[in-house]
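Take 59 as the starting number for the sequence shown in the numbering used here and just add one per residue.
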Amino acid sequence: MALQQVLHQLELATQGQGFTRLDRQINQWLLGTGLWQGMLHLSCLHTSCSLTINENADPRVLNDLADWMADIVPESRRYSHDDEGADDMPAHIRTALTAQTLSLSVDAGQLVLGTWQAVYLWEHRRRPHQRRVLCQFLGEPAAMETTSKTLNQQIQARHDPEAWAADGGIETEVDLLVDQLHDLADT
59 MALQQVLHQL ELATQGQGFT RLDRQINQWL LGTGLWQGML HLSCLHTSCS LTINENADPR
119 VLNDLADWMA DIVPESRRYS HDDEGADDMP AHIRTALTAQ TLSLSVDAGQ LVLGTWQAVY
179 LWEHRRRPHQ RRVLCQFLGE PAAMETTSKT LNQQIQARHD PEAWAADGGI ETEVDLLVDQ
239 LHDLADT
């Protein structure tokens, strides 16, 4: 099969300094591309935030990482580029010390990550920002037999077996449709 290329731009709202997890959003987009296996290249389109792969289970890891970075590149130091606030130049330095791009393998329409890994946008500015990450996926299309498997994965990922309880125990038409889709996917 011939390789195909798909471009997409993620639009993100950060809450200020900290980490915004991206892999779930990226995986959802990847499933919709129709491409099965290949290489995804991510580019952060800003100079005061960066991309990182790190721990996804214990939030203390991300807290320690942020504290370490604040010690290494303090806001209290005097910088000549200070027009946009005391956190601006430190954000540029933190970005230079980290990564603006990541290249990740994709298999079965999903990022190939370790059990405890996640992809994050690391916001280095104190106030919230709108951020953009360009996703460039070069890959092979899914074979017909894998397309139905991918659809089943999408259905399974969105299925909430306890949703009926939120509706007061009343099965809605959507609940019945999801049940029918599950029955079809299991055959």
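C-beta: ideal position from N, C-alpha, C; glycine also.
What separation, rounded to the nearest whole angstrom, lies between the Cα atoms of residue i and residue j?
{"i": "T159", "j": "T153", "result": "11 Å"}
{"i": "N112", "j": "T173", "result": "11 Å"}
{"i": "Q63", "j": "E198", "result": "9 Å"}
{"i": "R184", "j": "M59", "result": "47 Å"}
{"i": "V164", "j": "Q95", "result": "5 Å"}
{"i": "L120", "j": "W126", "result": "10 Å"}
{"i": "A201", "j": "S161", "result": "24 Å"}
{"i": "Q194", "j": "G74", "result": "26 Å"}
{"i": "L103", "j": "L192", "result": "7 Å"}
{"i": "H187", "j": "L242", "result": "44 Å"}
{"i": "T91", "j": "A166", "result": "12 Å"}
{"i": "F77", "j": "Q238", "result": "39 Å"}
{"i": "S134", "j": "A144", "result": "8 Å"}
{"i": "L61", "j": "Y137", "result": "47 Å"}
{"i": "H66", "j": "E142", "result": "30 Å"}
{"i": "R82", "j": "I130", "result": "30 Å"}
Identify the residues that DSSP records as bridge partners of residue i: which are they?
{"i": "G96", "result": "V164 and G197"}
{"i": "T105", "result": "Paired residues: none, contrary to the question."}
{"i": "A71", "result": "Q188"}
{"i": "Q144", "result": "First, the amino acid is wrong: residue 144 is Ala here, not Gln. DSSP output for A144 lists no bridge partner at all."}
{"i": "V64", "result": "F195"}
{"i": "R79", "result": "Y178"}
DSSP state of residue i, grouped into three classes?
{"i": "N114", "result": "coil"}
{"i": "W174", "result": "coil"}
{"i": "R136", "result": "coil"}
{"i": "T91", "result": "helix"}
{"i": "T159", "result": "strand"}
Would residue i and residue j be called neighbours here (beta carbons separated by less than 8 Å)?
{"i": "L80", "j": "L171", "result": "no"}
{"i": "R189", "j": "L70", "result": "yes"}
{"i": "A157", "j": "L109", "result": "yes"}
{"i": "A176", "j": "N85", "result": "no"}
{"i": "A149", "j": "H99", "result": "no"}
{"i": "D146", "j": "S101", "result": "no"}
{"i": "M295", "j": "L169", "result": "Shown here, the chain extends from 59 to 245; a query on residue 295 therefore has no answer."}
Is there a C-beta anywhere in chain C that falls below 8 Å from the one on residue i?
{"i": "L88", "result": "Protein chain content of the structure displayed is limited to a single chain, and chain C is not contained in it."}
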